[in-house]
Amino acid sequence: MSAGSAPGASSPRVMVETLAVFYAAGTLLGVLVASEADLDTVGRVIAAVSVAIGTIGTAVLLLVRDRVPRRLLDALVAVATVVVGVAVLVPPQAPTALAIAWLASFAVVDSCYFFTPRAARAQLLLAAVCSNGGLLLRGDVPVWTVLALDCVLVALAVVTRRLAARASGADLDPLTGLPNRRSFDDQLQQLVRGDRAVSVALLDLDHFKEINDTAGHEAGDRVLLRMAEEPLRVLPPGAVLARQGGDEFALLLPGLTGAEAVVVVWRVCDALAGIGLSCGVAQYEPGESAAQLVRRADGALYAAKAAGRGRVELATAVRA
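Per numbering that gives the first Met the number 0, residue 0 is the first one in the sequence shown, and the count goes up by one each step.
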């Protein structure tokens, strides 16, 4: 199973859109600060540069959207934090400087929802250092006010992290710990927008109802847990194994053609000795929707069942 790097990591598009909102808000605040009549020349230059960075960042996030590399997203959060620390020095009035410093909270929320715990802690430290440093260098902001800002940043980090963990749980199957149908659908939507080959496989446990009826639900649960664990040993990097519900599972195989996916699915079947599987595979074709791709895989699955079960069938290509 593809492992997410953070609770919200399964939704890269959400991260892009969230970061774009934060960048746009920072840009607007920069415009308001730059419009102050009593900024000196250096202050106006810093404000202009900050506005330019915010505008470019917002444009990149909104235009490129699904194709923004994860490392660039992480870098944009760090850059925004550093810009906040520098911009705090610009306005002559302390209240305006504090308003700018509060922008660091945006970076904290974003990182604590989408980053790994280690990266989120690093970002929280960076936000505190940049905002504190700028405010203390000014000399007109009381230390207790700076500490109050730190308390809020830490509280936001803790609450956001807890909410992220809870949201992540909504994307997981409670028994197997695998991604559920919702998570599978979200990841598939992202993949079909790209330019890589991608295949989908639907896997159905043969005669699973008989196991529950004769050996009990605990025996059925043990079979489901085997289904969730043993295939991971033979799946290629980037593959996503999900539970669709009941005895139905699905595989996302980025970078694989249909023929290559069939080979992988047969390896899964071999890894689950003693458990019968009927499987249908379909390769994404340009212009096809995610739903159409899954329907073709479902058709191949039914063909496998009709042919006697315990088989892997490849869906035929869509006719032009």
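Glycine residues also receive a C-beta, built at the ideal position from the N, C-alpha and C atoms. It should be emphasised that the depicted structure is a prediction, and the values quoted were computed from it without experimental measurement.
| For valine 140, which three-state DSSP category applies? | In this structure, DSSP gives valine 140 a state outside helix and strand, which the three-state scheme calls coil.
| request: Answer yes or no: do aspartate 149 and asparagine 131 have a C-beta to C-beta separation smaller than 9 Å? | output: yes
| field | Expected contact under 8 Å - CB spacing of glycine 279 and glycine 254 to nearest Å | value | 19 Å between Cβ atoms; not a contact.
| What are the residues that DSSP puts in a beta bridge with leucine 155? | Under the DSSP definition of a beta bridge, leucine 155 lacks any partner.
| said: I believe leucine 177 touches leucine 240 by the beta-carbon criterion, under 8 Å. Please report the beta-carbon distance rounded to the nearest angstrom. | reply: Right, the Cβ-Cβ distance comes to about 6 Å (below 8 Å), so this counts as a contact.
| request: Mind checking who alanine 119 pairs with in its DSSP beta bridge? | output: Its beta-bridge partners do not exist; DSSP assigns none.
| task | To the nearest angstrom, report how far apart valine 76 and alanine 303 are at their CA atoms. | result | 48 Å
| field | 6 Å CB neighbourhood of alanine 86 in its chain, flanking five on each side removed | value | Ser49, Ile99
| As assigned by DSSP and simplified to three states, the class of aspartate 149 | helix
| Any idea which residues DSSP pairs phenylalanine 183 with across the strands? | Beta-bridge partners assigned by DSSP to phenylalanine 183: none are found.
| Residues in its own chain within less than 8 Å of alanine 46 by CB, not counting five upstream and five downstream? | Gly29, Val32, Ala33, Leu38, Ala86, Val89
| said: Between alanine 302 and the ligand NAP, is there a pair consisting of the residue's CB and a ligand heavy atom that are separated by less than 8 Å? | reply: Absent from the structure shown: the ligand NAP. Ligands present: none.
| Given alanine 103 as reference, the closest of Arg295, Val81, Ala121 once Cα atoms are compared | Val81
| Complete alpha helix (DSSP H) runs within the region 76-130 (minimum length 4 residues, chain order) | 93-100, 103-113
| request: Could you name the residues that DSSP lists as bridge partners for glycine 281? | output: The sequence given here has alanine at residue 281, not glycine. In the DSSP output, where bridge partners are listed per residue, alanine 281 has Val199.
| query | Cα separation between alanine 260 and valine 107? | reply | 40 Å
| Would the region 257-271 and the region 151-160 be scored as touching if the rule is three or more Cβ pairs under 8 Å? | Verdict: no, contact absent.
| Start and end residues, alpha helix (DSSP H) containing valine 47 | The residue asked about is misnamed: residue 47 is alanine in this sequence, not valine. Where alanine 47 is concerned, the enclosing alpha helix (DSSP H) stretches over 40-63.
| query | Taking the runs of the beta strand (DSSP E) that are 3 residues or longer, which of them lie wholly in the region 225-286? | reply | The qualifying runs are 239-244, 247-253, 276-282.
| If you run the structure through DSSP and keep just helix, strand and coil, what is leucine 177? | In this structure, DSSP gives leucine 177 a state outside helix and strand, which the three-state scheme calls coil.
| query | In whole angstroms, what is the alpha-carbon distance linking glycine 329 and serine 277? | reply | In the structure displayed, the chain extends from 0 to 319; residue 329 sits before or after that span and is not available.
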